[in-house]
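For reference, each letter of the sequence shown is one residue, going -22 to -1, 1 to 687 in mature numbering (1 follows the signal peptide of the UniProt record, and there is no 0).
Virtual Cβ for every residue (Gly too), placed ideally from N, Cα, C.
What follows is a single structure, written as structure tokens, with notes after it.
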Amino acid sequence: MRQLFSTLASLMLLCSASQALACAGDGLGRAGWKLDHKDFSNRDNLPFLSPGNDSRVNAQFLMMDARPWPVDAPKDEVKLDIYPDYFVLFARDAFNDAFARNSCDYAGRPVKDVMTTPSDFFDEGTRCVSAQSGEDAFIQAVQAEKALSDAERAALIRSRKELTTACQAKDAAPGASKAYVAGADASAAAREFAAYLAGAESFYGGAFDAALTAFRSLAKAQNVWVRESARYMIARTLLNKASVGAFAELDGAPEPKVSDRESLKAAESEFKSYLADYPHGRYVASARGLLRRVYWLAGDRSQAATEYAWQLRHARDPDANLRSSDLAAEIDSKLGLDSKDVHDANLLAIDDLTMMRPADASQKKFSAADLDAQARDFAGHDALFAFLKAARAYYVDGDHATALKLLGDATPGPLSPPYLGFSREVLRGQALMASGQYAAAIDHWRRLLPLATQPWQKEAVELGLALSWERSGEVNKVFLKDTQLSSPRIRAMLLRYVAGPILLRMAVADPASAEERKLARFVLLLKEATHGQYAGFLRDYSAEGLAKDDADTARPGQYPNYQSSVLLWSGGADKGYACPDLRSIVGELAANPQDPHAMLCFGDFIRVNSLDGFEASRPAPDELGGGKSIFPGEPYARGEVYKKLIGSPATPARDRAYALYRAINCYAPANNNTCGGKDVEKAQRKAWYDQLKAQFGATTWAKSLRFYW
């Protein structure tokens, strides 16, 4: 995603990981059910390393390979629709939810990094992030300190709770400090906590010099919590001091302008010192996160890349304490693209994959020489480098033979590392299909299927297998008992767009689910009626079956026009043209396919139930379902029916008048053809309009029609 959004970072700051799909904004159109995703799509990603993936997804795969941890995909039931291609194979938001469930801190809580909070990017930065957690930690430490008297403990806790800070959107009046002041007779422990409290009040109030003085006075505090916390707060205070005014001008992407470089350098030194002295301290994760912020503020991309490389390799470590999705988003928005500053193999791989997307006229093609120039940085990562070479040959050059050669022999056993290994074998299957070696591709996908053990991988392999079978004319194997694929969405795509009557009847008689039976029956009956297979429709039609389909799959929010009950249409007399029920209409057509009344009534069934678009578009040829349909007959277009009836001398006057009325209304109200078939020019519509008015002016249809659009 990085190339697309480098100039939209300010927008990205407003989008959480769960909102990324909506914020990125390529809409909710059809998803492409294919394995070759060359262009970026933030909606339908793939469960393997791919140029078309959001770069944050590719980053997470590499994190998983660096330090694997178990992830379970959601087991949500797939609810099929007559447009199954609107479902995505692999959505980033579901991916993030699954991964987040397995990213926790020491206490088992979902982890959160300080740099993902909006306050990081505005005003003075991060000081408000810890206002509540700092209060909780302070109170726990006071309660644990046995050297405090009950009165001192109560006074300190009350003082911390009453502490007025800028973070609470109210400023303290001059001299109205709420910090506890230890008297002369106070215990040494009380004086230490009081000094810390004074520092905290100054810190949260933005008085950073005073905060530094207070925290530095506690370098030798006896209480271990006070001593460590004060040490950490010195670094935080210096960072916030350096951040003052850095975000004064936000024009497009936020580029902080730090004027207090001395404080920023001192903050870096203090964070590193803290990490060295407290390698397993309370604030290690936060210190590492804020150290990344130091490098970002300093514009030190090289150091930032080094830190991000460490984070990527240790994403599962408690010291990283960072959700993989948050780290991926942070790398994407903060590091940017500039390979001269990046020498980590994983970070380079993320960028290299984005460089494999199609280049426009202003961009230089990502060449083999460009990739070879990175060879030194991939030392020790031979498998990743070999995969990238093969992927570049496949995606950039379209050289399938070279891609297969660079991939070497297929993996005989478990895939290792799991995501890179899987990506390599998927690419092999893609190259076999692209070169027309469907038999070899089918064998490969079937061998790979039991090795696809990570979330979403099995469906990707089944997609490759289904694509290979479809291209080789063996789509029936997707449904046969011995070779049936488990993915309901893949089967739905093929039932919807490719299957003929035999496969559809099989799915009705022996479905994998009630949802699949409903889809198969709906497609079978509607295509039989629209493709002129009237005898088949009458044989397969079952009002009881249609009613049962709806009852067995009822759920909230279903679009009523795509329920099986649509095929139970009882007819009507819209605009005064009376029609019987659908079964009777098809019976009339079976007796006489050219019957004008039946033809017009069938058109009304299609129109009233918004079914004109049922076969208006199909998947692209390189997508699942994009092969030639094996259903006999031609797709139905209501507009062509009207033209035929208007032009036939045998059409009765009343039917001709209604056909004229409906043909003209195909273009209402915006001059767009909603009836299918070949468009007609406005001059022809005017001629129809004039004919209706002149020859059938006494009809309701002629009287009500005012425009011809």
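Exercise. Just the Cα atoms here: how many angstroms apart are Phe305 and Phe186?
Worked result: The sequence as given places Leu at residue 305; Phe does not occur at that position. Approximately 29 angstroms between the Cα atoms of the pair.
Exercise. By the 10 Å Cβ neighbour count, where 16 or more other Cβ atoms means buried, how is Phe457 classified, buried or exposed?
Worked result: By the beta-carbon neighbour count (other beta carbons within 10 angstroms, threshold 16), Phe457 is buried.
Exercise. Going straight from the alpha carbon of Ala594 to that of Glu612, what length do you get?
Worked result: 12 angstroms
Problem set entry | Paired residues, beta bridge with Cys644 - DSSP | Looking at the DSSP assignment, Cys644 forms no beta bridge with any residue, so it has no partner.
For this session: Run the CB neighbour count on Pro489, radius 10 Å, all protein chains shown included, and call it buried at 16 or more, exposed below.
Result: When all chains shown are included, Pro489 counts as buried.
Problem set entry | Assigned exposure category for Thr215 - 16 Cβ within 10 Å defines buried | buried
For this session: Kindly confirm or deny that the segment 428 to 435 and the segment 460 to 467 touch, where touching means at least three C-beta pairs closer than 8 angstroms.
Result: no
Problem set entry | Neighbourhood of Ala327 by C-beta distance below 7 angstroms, restricted to the same chain and skipping five residues each side | Leu40, Leu362, Leu366
Problem set entry | Alpha-carbon to alpha-carbon, Trp47 and Phe500 | 43 angstroms
Problem set entry | Gln435 Cβ short of 7 angstroms to the ligand GDP heavy atom set | This structure simply doesn't include the ligand GDP, nor any ligand for that matter.
Exercise. Given a threshold of 16 other Cβ atoms within 10 Å of its Cβ, counted over all protein chains shown, does His15 qualify as buried or as exposed?
Worked result: buried
Problem set entry | Proximity winner among Ser33, Ala115, Gly550, relative to Thr332 (alpha-carbon distances) | Ser33
Exercise. Can you tell me whether DSSP reads Gly10 as helix, strand or coil?
Worked result: coil
Exercise. Bridge partners of Gly550, per DSSP?
Worked result: Cys557
Problem set entry | Best match in Arg663, Ala631, Glu440 for proximity to Leu643 [C-alpha to C-alpha] | It is worth fixing the name first, because residue 643 is Asn in this sequence and not Leu. Comparing Cα positions, the closest option is Arg663.
For this session: Along the alpha helix (DSSP H) that carries His575, what are the first and last residues, could you check?
Result: Run containing His575: 574 to 586, per the alpha helix (DSSP H) assignment.
Exercise. Who are the Cβ neighbours of Arg205 in its own chain at under 7 angstroms, not counting the five residues just before and after it?
Worked result: Cβ neighbours of Arg205 beyond the five flanking positions: Leu196, Ala199.
Problem set entry | Separation of Pro29 from Tyr372, as counted between CA atoms | 11 angstroms
Exercise. Given a threshold of 16 other Cβ atoms within 10 Å of its Cβ, counted over all protein chains shown, does Asn201 qualify as buried or as exposed?
Worked result: So Asn201 ends up on the buried side.
Exercise. Between the beta-carbon of Thr678 and the beta-carbon of Gly550, is there less than 8 angstroms?
Worked result: Cβ atoms of Thr678 and Gly550: not closer than 8 angstroms.
Exercise. In terms of alpha-carbon separation, which member of Ala379, Val320, Met471, Lys318 lies closest to Ser9?
Worked result: Correcting the residue identity first, residue 9 is Ala in this sequence and not Ser. That would be Met471, whose Cα lies nearest to the Cα of Ala9.
Exercise. The alpha helix (DSSP H) spanning Gln673 covers which residue range?
Worked result: It spans 660 to 673 - the alpha helix (DSSP H) in which Gln673 sits, taken as one unbroken run.
Exercise. What residue range is occupied by the uninterrupted alpha helix (DSSP H) comprising Asp527?
Worked result: 521 to 530
Exercise. Does DSSP put Phe363 in a helix, a strand or coil?
Worked result: helix
For this session: Please report the residue range of the alpha helix (DSSP H) in which Ile309 lies.
Result: Run containing Ile309: none; DSSP gives neither H nor E here.
Exercise. Leaving out five residues before and five after Ala412 in sequence, what residues of the same chain have Cβ atoms less than 6 angstroms from its Cβ?
Worked result: Same-chain partners within the cutoff: His378.
Exercise. Using 8 angstroms as the Cβ pair cut-off and three pairs as the minimum, do the segment 635 to 651 and the segment 602 to 611 touch?
Worked result: no
Exercise. Starting from Asp163 and walking both ways along the alpha helix (DSSP H), at which residues does that stretch end?
Worked result: Note, Asp163: premise wrong, no alpha helix (DSSP H); not H, not E.
For this session: Label Glu522 either buried or exposed according to how many other C-beta atoms from any shown protein chain fall within 10 Å of its C-beta, with 16 as the threshold for buried.
Result: exposed
Exercise. Ordered along the chain, which non-local residues of its own chain (more than five positions away) have a Cβ less than 6 angstroms from that of Val236?
Worked result: Correct list, in chain order: Ala220, Ala224, Leu242, Leu275.
Exercise. Between which two residues does the alpha helix (DSSP H) containing Leu443 stretch?
Worked result: 435 to 449
Exercise. DSSP state of Arg517, grouped into three classes?
Worked result: The answer is helix: DSSP assigns Arg517 an H, G or I state.
For this session: Would you grab the beta carbon distance between Arg335 and Phe26 for me? Rounded to a whole angstrom, and I think it's under 8 angstroms.
Result: That belief does not hold up - the Cβ atoms of Arg335 and Phe26 are roughly 16 angstroms apart, past 8 angstroms.
Exercise. Secondary structure at Trp274, three-state DSSP: helix, strand or coil?
Worked result: helix
Exercise. Alpha carbon to alpha carbon, how far is Ser247 from Ala176?
Worked result: Ser247 and Ala176: Cα-Cα distance of roughly 24 angstroms.
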